[in-house]
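Written out below as structure tokens is the structure these notes cover.
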Amino acid sequence: MLATLSIPTPPLYSSKPTITQYITRFIASSGLRDRPGGQLGLRPNSVRNYISFQRVWERFVLQSNKEITFLDLGREQVNNFKHWLLIEQEYSQNHAGRLIGTLKTLCLDAQKNDIKTHSYVNFISGFAQTTSQKIIHTLNFEELNQVAQLQLENPTLVNVQKWLIIGFWIGQRVSDLLTLKPEQIRPAKNGGIYVDIHQQKTQKNVTVGIINTLAIKILTEDFPKRIASCRFNKHLKEVLRLAEIDEPVTAYRYNGKLKRKEHGVFPKYAIITSHDLRRSFATNFFGKIPTPILMNMTGHSRETTFMSYIGKDQNRDRYADEFMQGMSAIEM
339 MLATLSIPTP
349 PLYSSKPTIT
359 QYITRFIASS
369 GLRDRPGGQL
379 GLRPNSVRNY
389 ISFQRVWERF
399 VLQSNKEITF
409 LDLGREQVNN
419 FKHWLLIEQE
429 YSQNHAGRLI
439 GTLKTLCLDA
449 QKNDIKTHSY
459 VNFISGFAQT
469 TSQKIIHTLN
479 FEELNQVAQL
489 QLENPTLVNV
499 QKWLIIGFWI
509 GQRVSDLLTL
519 KPEQIRPAKN
529 GGIYVDIHQQ
539 KTQKNVTVGI
549 INTLAIKILT
559 EDFPKRIASC
569 RFNKHLKEVL
579 RLAEIDEPVT
589 AYRYNGKLKR
599 KEHGVFPKYA
609 IITSHDLRRS
619 FATNFFGKIP
629 TPILMNMTGH
639 SRETTFMSYI
649 GKDQNRDRYA
659 DEFMQGMSAI
669 EM
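Under the numbering used here, think of the first position of the sequence shown as 339, with each following residue one higher.
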């Protein structure tokens, strides 16, 4: 007998559901939702983002002491939520902006399901820090050399040291970095190696070339053991501390007690995370390797997004170059 596919039926709601009810149904039906490329089902990261929004929204509703429907989302109500996020909860602009953006997504989805919404929902939009407001920290070649020269005895830290070095040279998201396997490594004709990667977020297949001798040795002769991203992030800071990557820097650092990022001055090892390895790759090779090649490696599809990611304004140098070219043609 053929096995039947069991798909849970999402909970029903009325024609005027509360937003709390709607987000519950939205998450329950995530496996049936279309996504770009003709694929079915939201990605796990997307589902986690909606669950995160659900928790925040439920706290907001609890403090508001009333349920809120889509028809209630006028300018005043949306501004109340924005004020609650930024002022009362002290969320960062980026995090609050993403939550507002998620609210807009839910409103548009509700409209597709013939649920009446307030006319103001069409003016809701997410927001983020500008490039000038971002604080970006990366590891440079000198700092990597400090890490590479460390003589560690703790097996866990040795393993993290290997992953750190690999991450610096392949420029991938941590989800792709820490799932690497030896069979993804191939020799290259120039003495380097190819690393074949199927990027989980973008679903793209990319091949990164490596010529650094230490990274090649680790990947071909001393491949590191699997490690969870949370453990990697924790021990990464310890490896960097031992490598004396301790320059005081201004940054946002996550406060576990407050459950949000706080602004301050911290030793650099304390604020570097696994994500910064990919950003370090993009930053260190920007201007040395053609940007389209770097974008292919990191998985960025738009140059504007890539430039913002590394904290660069793509137009500033271009305008200066054109100005100098024009000046050189003028007889002074």
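Using N, Cα and C, we set each Cβ at its ideal position, and we do this for glycine too.
Exercise. According to DSSP, what are the bridge partners of P525?
Worked result: By 1-based counting over the sequence shown, the position of residue 525 is 187. BP columns for P525 point to I531.
For this session: Measure the beta-carbon distance from L502 to L574 and round it to whole angstroms, keeping in mind my assumption that it falls under 8 Å.
Result: Here residue 502 is taken as the residue at index 164 of the sequence shown, counted from 1. Here residue 574 is taken as the residue at index 236 of the sequence shown, counted from 1. That pair is a contact at about 6 Å.
For this session: Quick one: using the 10 Å Cβ neighbour count with 16 as the cut-off for buried, is I425 buried or exposed?
Result: Translated into positions along the sequence shown, residue 425 becomes position 87. Classification for I425: exposed.
Exercise. Whose C-beta lies closer than 7 Å to the C-beta of E396 among residues of the same chain, with five residues either side of it excluded?
Worked result: Locating residue 396 in the sequence shown gives position 58, counting from the first residue. Closer than 7 Å at the Cβ level, and outside the excluded window around E396, lie T358.
Exercise. For I548, which residues does DSSP report across the bridge?
Worked result: Looking up residue 548 in the sequence shown gives position 210. I548 pairs with I531.
For this session: Following the continuous alpha helix (DSSP H) through Y607, name the residue where it begins and the one where it ends.
Result: The residue given as residue 607 occupies position 269 in the sequence shown. 606-609 is the extent of the alpha helix (DSSP H) around Y607.
For this session: Count the other CB atoms, across all protein chains shown, that sit within 10 Å of the CB of E480; report buried if there are 16 or more and exposed otherwise.
Result: Here residue 480 refers to the residue found at position 142 of the sequence shown. That one is exposed.
Exercise. Helix, strand or coil: which one does DSSP assign to K575?
Worked result: Within the sequence shown, numbered from 1, the residue matching residue 575 stands at position 237. Helix, per DSSP.
Exercise. Do you know whose CA, among R381, N387, N460, lies nearest V416's CA?
Worked result: In the sequence shown, the residue the question calls residue 416 occupies position 78. Ranking the options by Cα distance to V416, first place goes to N460.
Exercise. Since S567 and S612 are thought to touch, with beta carbons under 8 Å apart, how far apart are those beta carbons, to the nearest angstrom?
Worked result: Counting from one through the sequence shown, the residue named residue 567 turns up at place 229. Counting from one through the sequence shown, the residue named residue 612 turns up at place 274. Confirmed, Cβ separation roughly 6 Å.
For this session: Less than 8 Å between the CB atoms is what I'm expecting for Q510 and R616, so what's the real figure, rounded?
Result: Here the question's residue 510 lines up with position 172 in the sequence shown. Here the question's residue 616 lines up with position 278 in the sequence shown. The pair is a contact, with the Cβ atoms about 6 Å apart (cut-off 8 Å).
Problem set entry | V498 versus N571, T558, F644, residue with shortest Cα-Cα distance | As a position in the sequence shown, residue 498 is number 160, starting the count at 1. Out of N571, T558, F644, N571 has the C-alpha closest to the C-alpha of V498.
For this session: With V587 as the anchor, note down where its beta strand (DSSP E) starts and where it stops.
Result: Residue 587 sits at position 249 when you count from the first residue of the sequence shown. Run containing V587: 586-593, per the beta strand (DSSP E) assignment.
For this session: Going by CA-CA distance only, name the one from T494, I627, F391 that's closest to V577.
Result: As a working note, residue 577 is residue 239 in the sequence shown. Nearest option by C-alpha distance: T494.
Exercise. So, is P355 buried or exposed, given that buried needs 16 or more other C-beta atoms within 10 angstroms?
Worked result: To locate residue 355, count along the sequence shown from 1; it is residue 17. So P355 counts as buried.
Problem set entry | Which of helix, strand or coil DSSP assigns to R373 | Reading the sequence shown from its first residue, position 35 is the one you call residue 373. Here R373 sits in strand by DSSP.
For this session: Can you check the stretch 386-472 for any alpha helix (DSSP H) of at least 4 residues that lies completely inside it and give the ranges in chain order?
Result: 413-421, 431-450
Problem set entry | Where N383 sits in the DSSP three-state scheme | Numbered from 1 along the sequence shown, position 45 holds the residue referred to as residue 383. Helix at N383.
Exercise. Can at least three beta-carbon pairs, one atom from the stretch 547-560 and one from the stretch 503-523, be found at a separation below 8 Å?
Worked result: yes
Problem set entry | Proximity to S390 [Cα-Cα], best of N451, E582, R436, T558 | If you number the sequence shown from 1, residue 390 lands on position 52. The shortest C-alpha separation from S390 is found at R436.
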